[in-house]
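Residue numbers (the numbering used here), protein chains in the order written: chain A, 244 to 494; chain B, 244 to 494; chain C, 244 to 494; chain D, 244 to 494. All C-beta atoms, glycine included, are put in the ideal place defined by N, C-alpha and C.
Protein chains: 4
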Amino acid sequence: MTQLRVTVWGENVHEQTSKAVGAIYPTGMHTTIADALNQDARIKARTATLQETDHGLTDTVLADTDVLTWWGHAAHGKVDDKIVDRVQKRVLEGMGLIVLHSGHHSKIFKRLMGTSCDLLWREAGERERVWVCNPGHAITQGLPPQFVLEHEEMYGEPFGIPNPDEVLLIGWFQGGEVFRSGVTYRRGAGKIFYFQPGHETYPTYHEPLVQQILRNAVLWAKPEGVFKTGCQHISADKAPEPITASGASVH
Amino acid sequence: MTQLRVTVWGENVHEQTSKAVGAIYPTGMHTTIADALNQDARIKARTATLQETDHGLTDTVLADTDVLTWWGHAAHGKVDDKIVDRVQKRVLEGMGLIVLHSGHHSKIFKRLMGTSCDLLWREAGERERVWVCNPGHAITQGLPPQFVLEHEEMYGEPFGIPNPDEVLLIGWFQGGEVFRSGVTYRRGAGKIFYFQPGHETYPTYHEPLVQQILRNAVLWAKPEGVFKTGCQHISADKAPEPITASGASVH
Amino acid sequence: MTQLRVTVWGENVHEQTSKAVGAIYPTGMHTTIADALNQDARIKARTATLQETDHGLTDTVLADTDVLTWWGHAAHGKVDDKIVDRVQKRVLEGMGLIVLHSGHHSKIFKRLMGTSCDLLWREAGERERVWVCNPGHAITQGLPPQFVLEHEEMYGEPFGIPNPDEVLLIGWFQGGEVFRSGVTYRRGAGKIFYFQPGHETYPTYHEPLVQQILRNAVLWAKPEGVFKTGCQHISADKAPEPITASGASVH
Amino acid sequence: MTQLRVTVWGENVHEQTSKAVGAIYPTGMHTTIADALNQDARIKARTATLQETDHGLTDTVLADTDVLTWWGHAAHGKVDDKIVDRVQKRVLEGMGLIVLHSGHHSKIFKRLMGTSCDLLWREAGERERVWVCNPGHAITQGLPPQFVLEHEEMYGEPFGIPNPDEVLLIGWFQGGEVFRSGVTYRRGAGKIFYFQPGHETYPTYHEPLVQQILRNAVLWAKPEGVFKTGCQHISADKAPEPITASGASVH
Numbered sequence: 244m245t246q247l248r249v250t251v252w253g254e255n256v257h258e259q260t261s262k263a264v265g266a267i268y269p270t271g272m273h274t275t276i277a278d279a280l281n282q283d284a285r286i287k288a289r290t291a292t293l294q295e296t297d298h299g300l301t302d303t304v305l306a307d308t309d310v311l312t313w314w315g316h317a318a319h320g321k322v323d324d325k326i327v328d329r330v331q332k333r334v335l336e337g338m339g340l341i342v343l344h345s346g347h348h349s350k351i352f353k354r355l356m357g358t359s360c361d362l363l364w365r366e367a368g369e370r371e372r373v374w375v376c377n378p379g380h381a382i383t384q385g386l387p388p389q390f391v392l393e394h395e396e397m398y399g400e401p402f403g404i405p406n407p408d409e410v411l412l413i414g415w416f417q418g419g420e421v422f423r424s425g426v427t428y429r430r431g432a433g434k435i436f437y438f439q440p441g442h443e444t445y446p447t448y449h450e451p452l453v454q455q456i457l458r459n460a461v462l463w464a465k466p467e468g469v470f471k472t473g474c475q476h477i478s479a480d481k482a483p484e485p486i487t488a489s490g491a492s493v494h
Numbered sequence: 244m245t246q247l248r249v250t251v252w253g254e255n256v257h258e259q260t261s262k263a264v265g266a267i268y269p270t271g272m273h274t275t276i277a278d279a280l281n282q283d284a285r286i287k288a289r290t291a292t293l294q295e296t297d298h299g300l301t302d303t304v305l306a307d308t309d310v311l312t313w314w315g316h317a318a319h320g321k322v323d324d325k326i327v328d329r330v331q332k333r334v335l336e337g338m339g340l341i342v343l344h345s346g347h348h349s350k351i352f353k354r355l356m357g358t359s360c361d362l363l364w365r366e367a368g369e370r371e372r373v374w375v376c377n378p379g380h381a382i383t384q385g386l387p388p389q390f391v392l393e394h395e396e397m398y399g400e401p402f403g404i405p406n407p408d409e410v411l412l413i414g415w416f417q418g419g420e421v422f423r424s425g426v427t428y429r430r431g432a433g434k435i436f437y438f439q440p441g442h443e444t445y446p447t448y449h450e451p452l453v454q455q456i457l458r459n460a461v462l463w464a465k466p467e468g469v470f471k472t473g474c475q476h477i478s479a480d481k482a483p484e485p486i487t488a489s490g491a492s493v494h
Numbered sequence: 244m245t246q247l248r249v250t251v252w253g254e255n256v257h258e259q260t261s262k263a264v265g266a267i268y269p270t271g272m273h274t275t276i277a278d279a280l281n282q283d284a285r286i287k288a289r290t291a292t293l294q295e296t297d298h299g300l301t302d303t304v305l306a307d308t309d310v311l312t313w314w315g316h317a318a319h320g321k322v323d324d325k326i327v328d329r330v331q332k333r334v335l336e337g338m339g340l341i342v343l344h345s346g347h348h349s350k351i352f353k354r355l356m357g358t359s360c361d362l363l364w365r366e367a368g369e370r371e372r373v374w375v376c377n378p379g380h381a382i383t384q385g386l387p388p389q390f391v392l393e394h395e396e397m398y399g400e401p402f403g404i405p406n407p408d409e410v411l412l413i414g415w416f417q418g419g420e421v422f423r424s425g426v427t428y429r430r431g432a433g434k435i436f437y438f439q440p441g442h443e444t445y446p447t448y449h450e451p452l453v454q455q456i457l458r459n460a461v462l463w464a465k466p467e468g469v470f471k472t473g474c475q476h477i478s479a480d481k482a483p484e485p486i487t488a489s490g491a492s493v494h
Numbered sequence: 244m245t246q247l248r249v250t251v252w253g254e255n256v257h258e259q260t261s262k263a264v265g266a267i268y269p270t271g272m273h274t275t276i277a278d279a280l281n282q283d284a285r286i287k288a289r290t291a292t293l294q295e296t297d298h299g300l301t302d303t304v305l306a307d308t309d310v311l312t313w314w315g316h317a318a319h320g321k322v323d324d325k326i327v328d329r330v331q332k333r334v335l336e337g338m339g340l341i342v343l344h345s346g347h348h349s350k351i352f353k354r355l356m357g358t359s360c361d362l363l364w365r366e367a368g369e370r371e372r373v374w375v376c377n378p379g380h381a382i383t384q385g386l387p388p389q390f391v392l393e394h395e396e397m398y399g400e401p402f403g404i405p406n407p408d409e410v411l412l413i414g415w416f417q418g419g420e421v422f423r424s425g426v427t428y429r430r431g432a433g434k435i436f437y438f439q440p441g442h443e444t445y446p447t448y449h450e451p452l453v454q455q456i457l458r459n460a461v462l463w464a465k466p467e468g469v470f471k472t473g474c475q476h477i478s479a480d481k482a483p484e485p486i487t488a489s490g491a492s493v494h
């Protein structure tokens, strides 16, 4: 069996600078996420971080990646635009992309959405209930109708995203807000899933149901084919139906 | 009656450098388009071009613009990224945007779509038939089931765009290709319409039915309201429902 | 000025059989809704009810209706299929449709959606907070970021609807559920808005902000044009491009 | 390996009544389609026809079907509404559905779409070119950028369908028309693909590329999970968050 090749990208800043975060994720959030993914034998996940050369996302690594997951927060601005270009091209050509929590403001997510990706927020350790809007979707398999995260950062509507292909999860917050917490998109050949839970000071990525969603999502985002970028010129003599070229040209 | 304030942006390069183009559009494509729009008393269109300060798109001009139309081709790369940022923000906050023909590869369209916007192309002066997919839409009012452009540049599928909110027009080309020639999107509060016809060496923007579509499109794209960009912090004591903050923070 | 012609359809059963409902809506919910719409001089609303001939929806009435609003609950099954056919045809050809609350299970809404339109529910007089997902949309103009209904019936996800064109409102319920409370669709030429609040034993349609949404919605759903139903045969000699017919036929 | 269980439904009327059709499909179109599907070892296809009890679609058969394909034309009206109800329920709960050619006017497709599904048509044996709009989608794998059907019935826009989740194929017709020839939808848990080619008097389903699309489509439409229909009542004491019921009730 060919395993799905997943690269788990982590900004890896808070884990180094905050004792609270380091205590929850001593080897980094990316490691916890990769370990969770690797519980499924169909998945082979490795990690890459901001601090590595090319942020760990060289052409070689990306060519060898079926699905990329992305968590960032404090250092979105430190991600090199050339790497963002590279990741975008790979997504459009077919690589899956899972964007996590504060990744809503990452360069790559804003690039692919074309919108502000702005939202309301509050860091108060409040309770979130995550509701499933379509229990028959690949990403929601194995979930109950809803599940509780006792402590999450509130992300609230309005969420500045394009209308999703599917709203799979909606979050209810103790403080009164709501959020489209799990949404899908296709861009080019690439399948994209944004998932809201995952604040760095809470142990969200240790939650079994969150881990189930991550595994479901990377399997769902598996490339289906290739959609090469680039415009193609079809000369008049190569037109499918015979035509005679006419008219002026600026070329 | 308050008129719709439209700014017609023209790259204005081919008109200056190509005799063929200059002969068709002696005062520039942007002037022809603005004149066509101003035939409707509900519209007040003015022009702006690449060569002006800020490409004619100062904050003042954009604040005074309800709908912007965009034609560019040879000089996409000369459009300042800061102006692209500015236009994108205005669209997300509510300004309508009509992207014309080779504007499919403009920075602003690619920015808002998040995709390659690539396509097939052939400049052979062939016949295009433009078909209406929804005769009941605001943008297609006054059109017959299909109309002919005797000479157009072929743009062909696959067109590297996100799935549109609506496919309103599909083009049939003599040489055998097809194209989604009229598609709509909403991004933030802004309404966006992409329209394929309009190659610079053919008199497309002098065609009455094309002019009708342009007038329909700017009226359709009229701002409905404002969606301010920016994330908003809601402190725990301002939560709609009473909560007690808990947990660690990296802030 | 031509006024928008709105027909407010009411099932008008609970108002007659329940003292509680009759006390809140002594002249019927439909009358309260029509009065709310008529506060805008651009709208001319009248009513129609189940008990009238053809449920008040004769061909003449529908031909004279730009936008229809629909509230039903106890008697969905009593609505004649022929009237449902008639309303569906008018929507596809261009009439706007606003479906209210328990109208989620009306024949006409299920017919136009093609899905179950099922949901979770609880009648406990709990608090709902209605959040705006796009403050720049025509239907949300004049609304604050969220508003409270102190007593509403809980409608919860999963809501068995096709992915909406736009999710404009999401409801937060005191008991812990969430719901896509305001969603839009286009079907044929017709614009459709579903709005969740409006349980018969609470005074929801007396709420000024709810009334504002209803007025916004009918103005948004105004017909843009006509999309006639019916398949059209184009004979070979009427083909836009000359062809010679060939091959067998079963006709 | 568990095989995908496909039921190929055929109206099986023209094959019996028309010599031309019988000559092309001597054992019925359904048999040709099932044989094409069974060329892939991952698929196990059987057939069902209008003339069988329950049209061959008993509860047992449907429970044992992962994906249903549907071809009908002359006898849409003879399909029992109870069977349509049954198939719709299964689709909403997760079964895939592939609707072929003149199935655009089948009861089940119109039921699931909620629209007219009307179109233009001409039976003249003209040439169709089928273009791929997304070469990176599961359904278009193995296809060239476009392929030719020397003889097909023209189906032309406007096609009275809801805006698709994805437009994967667009048809170019020799006579000048265009058509959205391959479109996808999700309704409930079920994945739906409509595919235009397949007129009964031409050997379309013997074409290798058409057979490839059919195999791709049924594999793509594989159920991902179950979305049970039915509304669920959540009593006040079972609310996720503690509430006290209040207010009147009509129940």
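Would you tell me roughly how many angstroms separate the C-alpha atoms of G468(D) and G265(A), rounded to the nearest one? When the Cα atoms are used, G468(D) and G265(A) turn out to be separated by approximately 37 angstroms.
### Message
Short of 7 angstroms in beta carbon distance, which residues of its chain neighbour Q417(A), apart from the five on each side in sequence? Order them along the chain.
### Response
E369 and R370
>> Does chain C have any CB closer than 8 angstroms to the CB of G403(B)?
In response: no
Please name the residue or residues paired with F416(D) in a DSSP beta bridge. E371(D)
field: Residue from N255(D), H449(D) and S345(D) with nearest C-alpha to E393(D)
entry: H449(D)
- Message: Taking the straight line between their C-alpha atoms, what separation do you get for G419(A) and W415(C)?
- Response: Taken atom to atom, the span from the alpha-carbon of G419(A) to that of W415(C) is near 7 angstroms.
Exercise. Give the single residue among V421(B), G441(B) and Q455(B) whose Cα lies nearest to the Cα of A482(A).
Key: V421(B)
Since I341(B) is in the beta strand (DSSP E), which residue starts that stretch and which ends it?
G339 to L343
Assuming contact is defined by CB atoms lying nearer than 8 angstroms, are C211(C) and L362(D) in contact in what I supplied? Given that chain C is displayed from residue 244 to residue 494, the structure contains no residue 211(C) and the question cannot be resolved.
In whole angstroms, what is the alpha-carbon distance linking D297(C) and A367(C)? 35 angstroms
Which chain C residues sit within Cβ distance under 9 angstroms of P378(A)?
P401
Can you give me, in chain order, the residues of the segment 470 to 491 of chain A that have a beta carbon less than 9 angstroms from any beta carbon in chain D? F470, K471, Q475, P483 and E484
- [ ] Using a Cβ cut-off of 9 angstroms, pull out every chain C residue sitting near V375(A), in sequence order please.
- [x] Those are E400 and P401, listed as they occur along chain C.
Chain C within 8 angstroms of G418(D), Cβ atoms only:
yes
Next item on the list: Let me know the secondary structure DSSP gives V249(C) once reduced to three states.
Entry: strand
> Relative to the C-alpha of V322(A), which residue among E336(A), D307(A), V310(A) and R354(A) is closest?
Replying inline: R354(A)
| Thinking C-beta only, is K471(A) closer than 8 angstroms to E336(A)? | yes
A482(D) - containing alpha helix (DSSP H), residue span: Run containing A482(D): none; DSSP gives neither H nor E here.
**Q.** Cβ neighbour criterion (16 or more within 10 Å) applied to H316(B)
**A.** buried
May I ask you to list, following chain order, the residues of the segment 254 to 269 of chain C that have a beta carbon less than 7 angstroms from some beta carbon of chain D? H257, S261, A263 and V264
Review point. Taking Cβ-Cβ distances below 8 angstroms as the criterion, which residues of the segment 422 to 439 of chain C are in contact with chain D?
Key: Legend: CB atoms of the segment 422 to 439 of chain C lying less than 8 angstroms from CB atoms of chain D belong to residues Y428, R429, R430 and G431.
Just to confirm the assignment, what range does the alpha helix (DSSP H) spanning I276(D) have?
It spans M272 to N281 - the alpha helix (DSSP H) in which I276(D) sits, taken as one unbroken run.
Report task. Could you list the residues in the segment 342 to 372 of chain D with a C-beta less than 7 angstroms from some C-beta on chain B, going in chain order? Result -> Of all residues in the segment 342 to 372 of chain D, R372 have a Cβ within less than 7 angstroms of some Cβ in chain B.
Output the distance between the C-alpha atoms of L247(C) and V251(B), rounded to the nearest integer angstrom.
32 angstroms
- Option nearest S359(D) by Cα separation, candidates E396(D), P387(D) and N406(D): N406(D)
Inset, instruction - Please decide whether T383(B) counts as near chain C, where near means a Cβ-Cβ distance under 8 angstroms. - result: Output row for T383(B): interface = yes.
Separation of G425(D) from F402(B), as counted between CA atoms: Those two C-alpha atoms are separated by around 15 angstroms.
query: If you count every other CB in all the chains shown that lies within 10 Å of the CB of A306(B), and 16 or more means buried, which is it?
result: exposed
Considering Cα atoms alone, identify which of T444(B), R458(B) and W374(B) is closest to L496(B). The structure shown does not extend to residue 496(B), since chain B is modelled only from 244 to 494, so the question has no answer here.
- [ ] Pick helix, strand or coil for A263(A), following the three-state DSSP scheme.
- [x] helix
Cα-Cα, which of S489(B), L300(B), G346(B) and G385(B) is closest to I528(B)?
Residue coverage of chain B in this structure runs from 244 to 494, which leaves residue 528(B) outside it and unanswerable.
| query | In terms of DSSP beta bridges, what is A288(A) paired with? | reply | Answer is V249(A).
Any Cβ of chain D within less than 8 angstroms of the Cβ of E467(A)? yes
Query raised in the report: For a contact meaning CB atoms closer than 9 angstroms, what does N281(B) contact in chain D?
Result: What N281(B) touches in chain D: nothing, since even the nearest Cβ is about 31 angstroms away.
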